[in-house]
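Since the structure comes first, as structure tokens, the remarks are kept for the end.
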Amino acid sequence: MKLTLKIWRQKNNKSQGKFETYQVEANEHMSFLEMMDVLNEQLIAEKKEPVAFEHDCREGICGTCSMDINGRPHGPMQGTTTCQVHMRVFKDGDTITIEPFRSTVFPVIKDLVVDRAALDRIIQAGGYISVNTGQAVDGNAIPIEKDEAMKAFDAAACIGCGACVSACPNGSAMLFTSAKVSHLGILPQGKVESSRRVLNMVAQMDKEGFGMCSNIGACSAECPKEISLDNIARLNREYFKASLASEKA
Amino acid sequence: MGWLANFLTSSLGRKLLMSLTGLFLILFLVVHLIGNLQLLKGDEGQSFNEYTQFMTHNPLIKFISYGNYFFILLHAVLGIYITVKNRKSKGVKGAVSNRAESVSWASKNMALLGILIFAFLMLHMGDFWLKMKLNQTEWIDYGNGEIKNLYKVVYASYSNWLIVGAYLVGLLALSYHLWHGFASAFQTLGLHHKKYTPIIEFLGKAFAIIVPLMFAILPLYYKLVITAA
Chain A
1 MKLTLKIWRQ KNNKSQGKFE TYQVEANEHM SFLEMMDVLN EQLIAEKKEP VAFEHDCREG
61 ICGTCSMDIN GRPHGPMQGT TTCQVHMRVF KDGDTITIEP FRSTVFPVIK DLVVDRAALD
121 RIIQAGGYIS VNTGQAVDGN AIPIEKDEAM KAFDAAACIG CGACVSACPN GSAMLFTSAK
181 VSHLGILPQG KVESSRRVLN MVAQMDKEGF GMCSNIGACS AECPKEISLD NIARLNREYF
241 KASLASEKA
Chain B
1001 MGWLANFLTS SLGRKLLMSL TGLFLILFLV VHLIGNLQLL KGDEGQSFNE YTQFMTHNPL
1061 IKFISYGNYF FILLHAVLGI YITVKNRKSK GVKGAVSNRA ESVSWASKNM ALLGILIFAF
1121 LMLHMGDFWL KMKLNQTEWI DYGNGEIKNL YKVVYASYSN WLIVGAYLVG LLALSYHLWH
1181 GFASAFQTLG LHHKKYTPII EFLGKAFAII VPLMFAILPL YYKLVITAA
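Protein chains in written order, with this note's numbering: chain A, 1 to 249; chain B, 1001 to 1229.
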């Protein structure tokens, strides 16, 4: 299949980026990233600068691959990372527009690579539980109701890729933060630090300059792990409870 | 008190204020609509004028009405602040805009709709409230002393296609604003529940259609039936 690619090229954080158009010959069994590899080999053979993009596991679980494909983070397929999009979803002769994730908080490092360290700093602010080291505790020592465990697990599926931020017209990181707060806060081990966690993570989220949630739902629609908006409501509840009812400030 | 300032200026604190003021304004719409429906009574405005007299002289109602003006302004100012802040967070928009099917047009255009509603409110207040305040209305006596004849002002406005048209545009914007805003206010409060959320969403959409439609009936009925007769 012959494709026309309009790809965002940007030398570094300081420079102005622009779209460049490339022709590439792919086959429909390739993954999207394999198609990008073909393009890069072609560019290297022509002694041109290859397109920088992030990738790691290429099996949909690491959250490294990013990019907006035709205006949608991780491309046109529901609940799928870029690396798991296959070229069969496109047609011969298609033009595909590829851009980096769009947010002021994610500055472009090069081409399609953006700096998502702001999400790491939100995690550092409270996205953990404190446990003593030593012998591992027995897995079922604390009974947890199945539905609660499933809710926590669904939230824990978040791979921190930042697609929610790019999908959100407000550039908000609420879906990410709420997934982490839910994942830890629903389980008994995470309840101990729940007030401090939600206060610190929201404070960090605000400090990073992410936008405010207006319940549009684009984040959840584009999330490769289909994290639900229930989590955002839970984050709101937990934050109001911690701010207004707990004695922590 | 530092904690309170921190809370109210946090992103979620601001959204909470947005949600609570929005819900108050939703309640106000219901009260306003019930009062206005008296225009359909066909008594040449007597019950409407008596209701106006009551609403402008009862001290409790007066107190609530100042709260109402304050909440409208707070909702508008916060809304503009949030929109500007969010635009800055978003920065460069993607070259291709591709909205997922589950995302409603209204949800992405709340600020635009809000500005339209605010512009409508200015016209609406200038047309009725200001004329009342400046004593530009005539007086009428139903046997309990003279009261302001607001009905006559309403009658004059609703016989003008330009004003009726502006009302319809304002109400359409209100309808879209409520289409997203009603359920969104509950989500912001953290009220998301498997059993109740579908009910809230249904009520929100019903409210967004029925309330603006009932408001719209008034100018249309006056223009097409009463003033045309």
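No residue lacks a Cβ here, since even glycine has one placed at the ideal position from N, Cα and C.
Nearest neighbour of residue i, chosen from the options [CA to CA]
i, options, result
"V1092 (chain B)", "A:Y128, A:K207, A:S195, A:G171", "A:G171"
"V131 (chain A)", "A:T80, A:E193, A:P107", "A:E193"
"L187 (chain A)", "A:F90, A:I144, A:N231", "A:I144"
"E222 (chain A)", "A:A163, A:I159, A:Y128", "A:A163"
"K151 (chain A)", "A:G127, A:A167, A:N140, A:S178", "A:S178"
"R58 (chain A)", "A:T81, A:E20, A:K18", "A:T81"
"G1013 (chain B)", "B:L1203, B:E1201, B:T1188, B:V1153", "B:T1188"
"D1127 (chain B)", "B:S1157, B:A1095, B:G1143", "B:S1157"
"E54 (chain A)", "A:I44, A:G211, A:E99, A:S195", "A:E99"
"K204 (chain A)", "A:A125, A:T4, A:C161", "It should be noted that the sequence gives Gln, not Lys, for residue 204 (chain A). Nearest option by C-alpha distance: A:A125."
"M212 (chain A)", "A:Q135, A:L175, A:E226", "A:L175"
"D154 (chain A)", "A:D120, A:N140, A:A173, A:K225", "A:K225"
Where residue i falls: helix, strand or coil (DSSP)
i, result
"R9 (chain A)", "strand"
"Q23 (chain A)", "strand"
"S31 (chain A)", "strand"
"D206 (chain A)", "helix"
"T177 (chain A)", "helix"
"T1052 (chain B)", "helix"
"V114 (chain A)", "strand"
"H74 (chain A)", "coil"
"D37 (chain A)", "helix"
"S130 (chain A)", "coil"
Cβ of residue i within 8 Å of any chain A Cβ
i, result
"G1022 (chain B)", "no"
"V1096 (chain B)", "yes"
"L1116 (chain B)", "no"
"K1085 (chain B)", "yes"
"G1204 (chain B)", "no"
"S1175 (chain B)", "no"
"H1192 (chain B)", "yes"
"I1082 (chain B)", "yes"
Contact test: residue i Cβ vs the ligand ADP heavy atom, cutoff 7 Å
i, result
"S1102 (chain B)", "Inclusion of the ligand ADP in the displayed structure is not the case, the ligand content being empty and no account of it being possible."
Span of the alpha helix (DSSP H), counted from its first residue to its last, around residue i
i, result
"K1085 (chain B)", "1059-1090"
"K151 (chain A)", "146-156"
"I1200 (chain B)", "1197-1221"
"V1225 (chain B)", "Premise fails: V1225 (chain B) is in no alpha helix (DSSP H) and is neither H nor E."
"K1131 (chain B)", "1130-1133"
"V137 (chain A)", "That residue, V137 (chain A), is in no alpha helix (DSSP H); it is neither H nor E in DSSP."
"T1021 (chain B)", "1011-1036"
"K191 (chain A)", "188-191"
"I1163 (chain B)", "1161-1188"
"K1152 (chain B)", "1150-1157"
"C161 (chain A)", "Careful: C161 (chain A) lies outside any alpha helix (DSSP H) and carries neither H nor E."
"A1119 (chain B)", "1110-1124"
Own chain, CB closer than 7 Å to residue i, minus 5 neighbours either side, in chain order
i, result
"S214 (chain A)", "N170"
"S103 (chain A)", "V165, S166, G171"
Bounding residues of the beta strand (DSSP E) (the contiguous stretch that carries residue i)
i, result
"W1139 (chain B)", "1139-1141"
"E226 (chain A)", "No beta strand (DSSP E) holds E226 (chain A); DSSP gives it neither H nor E."
"K110 (chain A)", "108-110"
"I250 (chain A)", "Not covered by the structure: residue 250 (chain A). The range shown for chain A is 1 to 249."
CB contact below 8 Å: residue i versus chain B
i, result
"A117 (chain A)", "no"
"D92 (chain A)", "no"
"M212 (chain A)", "yes"
Same chain, Cβ closer than 8 Å to residue i, neighbours up to 5 away in sequence not counted
i, result
"G217 (chain A)", "L229"
"E148 (chain A)", "I186, L187"
6 Å CB neighbourhood of residue i in its chain, flanking five on each side removed
i, result
"T21 (chain A)", "K6"
"C62 (chain A)", "D56"
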